[in-house]
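As given, the protein sequences belong to chains A and B, one line each in that order. Letter by letter, the first sequence follows residues 1 to 197 in the working numbering. Letter by letter, the second sequence follows residues 198 to 1013 in the working numbering. Note that beta-carbon positions come from the ideal geometry of N, C-alpha and C, so glycine has one too.
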Amino acid sequence: MAVTRRQFMKVSAAGLAASSVGALGFIGAGEGLAAGVRPFRLEKATETRNTCPYCAVGCGVLVYSATDGAKDAKAKVIHIEGDSDNPINRGTLCPRGAASLGFANSPNRLQYPMHRKPGSDKFERVSWDFAMERIAKLAKEDRDKNFVAKNRDGVTVNRWVSTGFLAGSACSNEAGYLTYKAIRSTGILALENQARI
Amino acid sequence: MTNSWNDIKNADVVLIMGGNAAEAHPCGFKWVTEAKANNGAKLIVVDPRFTRSAAVSDLYAPIRPGTDIAFLSGLMRYLLGNGKIHQQYVNAYTNASYIVKEGFKFEDGLFTGYDEARKNYVDRSAWEYEFDEQGMAKVDETLQNPRCAINLLKAHVERYTPEMVERICGTPKDKFLKVCELIATTANGERSMTSLYALGWTQHTTGAQNIRSMAMIQLLLGNMGIPGGGVNALRGHSNVQGITDFGLLTTSTPGYLVLPTEREATYADYMKSRAFKPIRPGQTSFWQNYGKFFVSQQKSLFGNAATKENDWAYDYLPKFDTAYDVMKMVDMMAGGQMNGLFCQGLNVMMAAPNKAKVHAGLAKLKWLVIMDPLETETGRFWENHGEFNNVDPKAIQTEVFQLPTTAYAEDEGTFTNSSRVIQWHWKSVEGPGESRSDIQIVAELHTRLRALYSKDGGAFPDAILNTTWDYAKPAHPEPVELLKEINGYALEDLPDPADPTKVMLKAGQLLPGFAVMRDDGKTSGGCWIYTGVYTDAGNMSMRRDSSDPSGLGVHPNWGYAWPANRRILYNRASADPAGKAWSERKKYITWNGSRWVGADVPDYAPTVAPDKSVGPFIMNPEGTARLFARTAMPDGPFPEHYEPMDAYIANPLHPKVTTNPVARVFAADAKSFGTPDKFPIVATSYRLAEHFHYWTKNVHDNSVLQPEMFVEMGERLAKAKGIKNGDWVEVSSQRGMIKAKASVSKRFRPIMVDGKPCDVIGLPIHYGFVGMTRKSYPLNTLTPAVGDASTNTPEYKAFLVEVKKTTPPASQPATV
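If you want it as structure tokens, here you go:
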């Protein structure tokens, strides 16, 4: 495997402390220099490789997450930058990708399952159990009522066209494949994604 | 993309038309900059607006929205008429010499076989080659026969003179000819042109034919399959490529296989039209393997329940009578024919055309399920937002569920980018609140339905109960489990074809590639083009070796590109018929005397010698690429210019057939198109560098950078209408009205169409009534509900409007 730009930088930093300065006879100077530098704020963060969520250039991003150390604290994304190893974007990001920390932590992120009753003017918080049980029931009711096993010519068609599914184009391939399996097995034909629109 | 982002650096000419990469795909556009700086490349931009791509171009030509085919057909006429084609490539690798049936004609805007009553080409039998007794297409290699595809093409494009191009497109003749001359410099094996396009080409009633025109041009120039060439779609969403690959489209199944129609009652019927026998001697016709991919997929979907005896569970697949695409769904919803809808991260209220119709449809649903990481207009369609969504919640009986999902940093798995490169991403943190991954939500929906059908029975439970679901945690499958299932396994010991006494793959082993797939039920694989992504050597999508041994931007060990880790498609065409590179500069895949070798995985059988004359376009039964499309396109074997449905002028080529005669129009929308007497201004939609679709209005920084909706117009129009920069403007179309602030710029200039100035305005798509940006009327209030004849993609890029100065919306300040 070739040495990547990022590995090169890491090796260089380590080398500064361990070898190159030492080789010049300044024993301990590297360690001294390293100790004198204010710790980089991402030093204690966890670095995770990801792909920008927006367009299909597929830019590599590095997501940095950290907690404040409290036992019950949830790790939070604290910084996102371009992945300089990624040959597609070579560390660059556009105005959308560069601000994607604000997407991860947006106050408009949905937090809880919500339910709006017919005719109501508000969402009400519900449990996942309530939501999923009710959705499965509604789906089964509609399917059992409107499923078409055979067409007028008597051909087996096994389709359900009174319910549709619009799939997410920012879902992973794995989510997309599972969605295909789960949805097609019900006979849904109205299955689409963003590709046409 | 046939090529890749990195490969753009190898181009000598870059044509951006139907897109604006500098603003919509900035980090991909970096490779255009690279080509200009280090390869001496020239950038041509053809666009109605002087975009930021145009600002750094070497040559900019304006064009009226919706007239790209006239421009490109004029370009073809120039290339053919001036001998500026790569003749040897065209002769050997395209169907230029194939003889087209005597009955095929084009007259007064229509191809043979049109049925006026059904508004369709009902009889397409003449759109075909002449065949000999052996079923082989007849050819005339001397190209003397006037029925040769290339001669018919010459005759077809003859009408598109530079004068006609100027008349239709408004592109000044001298600018048009400069573009032609520069592009013609790549009509050899020495230099290459890349074509970069996006929704500026697809979102038209002739969208697919726009792209086909460019494919034909690239074939005439010999630019397919070579470094720095190709036809390259710059796609929109982070995984729209992958989700399309996985068949989440009404009539598709994963890997570009097709769902059966109701006319195909049995598996035998289905396979009858999918034999893909070669129609030229000795050709590969790779789709002959269709049955292997289909059966392996059925084994992944239905496991042991898919047997030879039950036609591999053929009846478990729904059979379609018509396409249920987004516009059809909206039409059915609005007509009260749909009861339930799931929106998994697709904001249909903003994304589908004609907002009033979408809203009416949502309000007629019994229930709606939103799965999204962010607030959306669709999730809030029932909520009153003043004039921006003026509804009475009490009158809307739809039951709505809004389910919070995790986003990219909070889950793991793969995205496939425009270059077909599959890249794994790793989870960083837990999602906010009680959010769950899409995998988990879909898995729970399935397991609950399965339990209900298992307990209570119901309509045809078989497919649901027999869907394979052998995950360690059924309500929460792991992405790794799924990627392996997608890749596929040997289900029994498979013998080595070279020595049947040996076992090539043991039962349970992951498949190394799709070449070993079988149609006897002994292999599985959910999506054949992805096979090879997860093998016994590990998860290839996790590979992060950025090396590029050839220096051509191939990066073979970074992630995994489908198919077979190939980075440039049709790359056998980078060599001449004898297997030698067309030029040292563009050397990519060549024959070394015993195999095909080079920088990439050959798109060809690795040891088939050049003297076998097997064509490089192995997916076609001809082995060649098509200048004449046969019956592949519903609106004709050659592209033809038709006006957008909101037609600005009568079509100068055939005034009786002004618009695409087979554009997709629903009865309910027949009267929803505008005419230039009432709506004399041409509008187009576009995207901003600072925003992504309807998402980033939920992000603080992006909302600060571009805080509100505006309408961009040129100085001439602004002056004529008494509008100043920052004034409130009403924009109306046959579908509705919006208000937005005027942005008067020099980027739009009137275009001279048919001798008269045509004003064009631009409208960004991003704004709505949810988010941190100022509340706005959604743009799709204005856009027409009409679909491309091939893809049913709505015509968002060319429609007619009127503008006038107006007062601010009640909720907005008069001035900033």
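Is residue i buried or exposed, if buried means 16 or more other CB atoms sit within 10 Å of its CB?
i	result
residue 462/B	buried
residue 907/B	buried
residue 480/B	buried
residue 321/B	buried
residue 1008/B	exposed
residue 470/B	exposed
residue 651/B	exposed
residue 922/B	exposed
residue 472/B	exposed
residue 750/B	buried
residue 328/B	exposed
residue 111/A	exposed
residue 694/B	exposed
residue 200/B	buried
residue 339/B	exposed
residue 1046/B	One cannot answer for residue 1046/B here, as it falls past the ends of chain B, which runs 198 to 1013.
Determine which residues share a DSSP beta bridge with residue i and list them.
i	result
residue 773/B	According to DSSP, residue 773/B bridges with nothing at all.
residue 601/B	569/B
residue 540/B	166/A and 567/B
residue 620/B	612/B
residue 115/A	124/A and 598/B
residue 156/A	150/A
residue 188/B	The requested residue 188/B is not part of the displayed model; chain B covers only 198 to 1013.
residue 392/B	212/B and 428/B
Please tell me whether residue i has its Cβ less than 7 Å away from any Cβ of chain B.
i	result
residue 172/A	yes
residue 84/A	no
residue 181/A	yes
residue 129/A	no
residue 140/A	yes
residue 189/A	yes
residue 195/A	yes
residue 125/A	no
residue 149/A	yes
residue 40/A	no
residue 152/A	no
For a test of the three-state rule: what should DSSP assign to residue i, helix, strand or coil?
i	result
residue 133/A	helix
residue 955/B	strand
residue 271/B	helix
residue 86/A	coil
residue 582/B	strand
residue 65/A	strand
residue 487/B	helix
residue 782/B	coil
residue 421/B	coil
residue 670/B	coil
residue 882/B	strand
residue 200/B	coil
residue 52/A	coil
residue 104/A	helix
Compare the C-beta of residue i with all C-beta atoms of chain A and state if any pair is closer than 7 Å.
i	result
residue 537/B	yes
residue 903/B	no
residue 265/B	no
residue 932/B	no
residue 743/B	yes
For a contact meaning CB atoms closer than 9 Å, what does residue i contact in chain E?
i	result
residue 109/A	This model lacks chain E altogether, as its protein chains are A and B.
Interface residues of the stretch 611–628 of chain B facing chain A [CB-CB below 9 Å]: 611, 612, 613, 614, 615, 616, 618, 619, 620, 621, 622, 623, 624, 625, 626, 627 and 628
Mind checking the stretch 55–80 of chain A against chain B and listing, in chain order, the residues whose C-beta falls within less than 9 Å of any C-beta there? 55, 56, 57, 58, 59, 60, 61, 63, 64, 65, 74, 75, 76, 77 and 80
Under 7 Å (Cβ pairs) to chain A, residues found in the stretch 477–492 of chain B: none
Mind listing which residues of the stretch 86–108 of chain A have their C-beta closer than 9 Å to chain B's C-betas, in chain order? 86, 87, 88, 89, 90, 92, 93, 94, 95, 96, 97, 98, 99, 100, 101, 102, 103, 104, 105, 106, 107 and 108
Closer than 8 Å, Cβ to Cβ, to anything on chain A: give me those residues from the stretch 581–599 of chain B, in chain order. 581, 590, 591, 592, 593, 594, 595, 596, 597, 598 and 599
Could you run through the stretch 519–531 of chain B and flag, in chain order, every residue whose CB is less than 9 Å away from some CB of chain A? 519, 520, 521, 522, 523, 524, 525, 526, 529 and 530
Near-chain A residues of the stretch 415–441 of chain B - C-beta to any C-beta below 8 Å: 431, 432, 433, 434, 435, 436, 437, 438, 439, 440 and 441
Members of the stretch 646–662 of chain B near chain A, C-beta cut-off 7 Å: 646, 649, 655, 656, 657, 660 and 661
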